[in-house]
Amino acid sequence: MSDLGKIIRGNGLPKSDFAETGIPAIHYGQIYTYYNTVAYSTKSFVSAETAEKLQKVNYGDVIITNTSENLDDVGKSLLYLGEEQAVTGGHASIFKPSELILGKYFVYYTQTIHFYNEKKRYAKGIKVIDVSAKDMEKILIFVPELAKQTRIVKLLDEYDLANKTIIEELTKEIKLRKTEYEYYRDLLLDFHDQKVSA
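Numbering (our numbering), first residue to last: 9 to 206.
Listed below in C-alpha cells is the structure:
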C-alpha cells in the first residue's frame, strides 16, 4: 500500500466530542456501522476548535479502520466525496491514493478475501484487534491498469445498486406481509362478539 499512496494515522475523537453542527467528522466505528462505501456528507460534526487537533479528510481520501472487536471490520474503508473538508480520529487512518489507484477500487478491494488474508498477517490483539498504519503500509494490493479498475468499479457499483433495490423491495414486502398477518390474526382471534360456551 505504501507504493500506492500516503497513509496518515488519525488521533483523538471520542464520541463525547461530537456536536450538533460544525465541521464534518467521521468516527471509525461509524465506518462499519453506518456508512457503506462512499460518504458525500457526514453523520457527525465537531467544533472548529476540536477539528484543529484532528487529521483532515479531503475529497477523494479513503478512511480505513485500524481497530475493531473483530478482524472483519478492521480495514473496512470509506471513500469521502464530500465538498467540505472533514476530520477523523484515532483507530482510523487516512489513505491518500496516488494516480496509480482509484479510491473506489481500493474500497472494494478491502472487502475481498485477498485483503482479509493480508491484514490477518499483521493483526494484533485478542479482544480488540488492531492493524497499525505502519503495518497497513505493508499490505499487498493487486492493482490492474486504471481502465480495468474503472470497469471493475462500474460493475460493482451496478451490482451494489441492484442489491440495495432488492433489499428495499424485500423489506417492503416483509412489512406488508407482517401487517396482513397481524390483521388476519386479530380478526380470527377476536371473540368479543361471540358467546363463550362452557
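C-beta atoms are modelled at their ideal positions from N, C-alpha and C, and glycine is treated no differently.
Among all the DSSP beta bridges, which residues are the ones paired with residue i?
i	result
S85	I72
K64	V95
R193	Paired residues: none, contrary to the question.
K132	D138
A100	T73
A33	S52, V95
R17	S101
A27	F53
V115	Partner(s): none; V115 has no beta bridge.
For residue i, collect the residues of the same chain with a Cβ closer than 8 Å to its Cβ; drop the 5 residues on either side in sequence, then sort them by chain order.
i	result
E77	K135, V136, I137
T50	P32, A33, I34, G90, A94
Using CA atoms only, rank isn't needed, just tell me which of the options is closest to residue i.
i	options	result
K84	A94, E92, H35, Y48	H35
D143	K156, P152, A131	A131
I149	E126, D165, A170, L163	E126
D165	V115, D198, A141, D11	V115
Q119	D198, A141, D168, E181	D168
Between which residues of its own chain and residue i is the CB-CB distance below 7 Å, once the five residues before and five after are set aside?
i	result
D25	V54, T58
Y113	Q157, I160, V161
E92	P32
Q63	I16, G18, N19, V95, T96, I102
Under 8 Å between the Cβ atoms of residue i and residue j?
i	j	result
G90	Y67	yes
Y117	L86	no
F103	G37	no
V82	V139	yes
I73	A100	The sequence given here places Thr at residue 73; Ile does not occur at that position. A contact, by the Cβ cut-off of 8 Å.
K128	L79	yes
Please report the Cβ distance between residue i and residue j, rounded to the nearest whole angstrom; I am assuming they are in contact, meaning their Cβ atoms lie under 8 Å.
i	j	result
I39	E145	So it is not a contact: roughly 19 Å between Cβ atoms.
A94	V70	About 12 Å; that fails the 8 Å criterion.
M9	I147	5 Å
L154	L184	L154 to L184, Cβ: 45 Å. No contact.
L108	V151	6 Å
For residue i, which residues from the same chain have a beta carbon less than 6 Å from its beta carbon, with the 5 sequence-adjacent residues on both sides left out?
i	result
G30	F53, V54, S55
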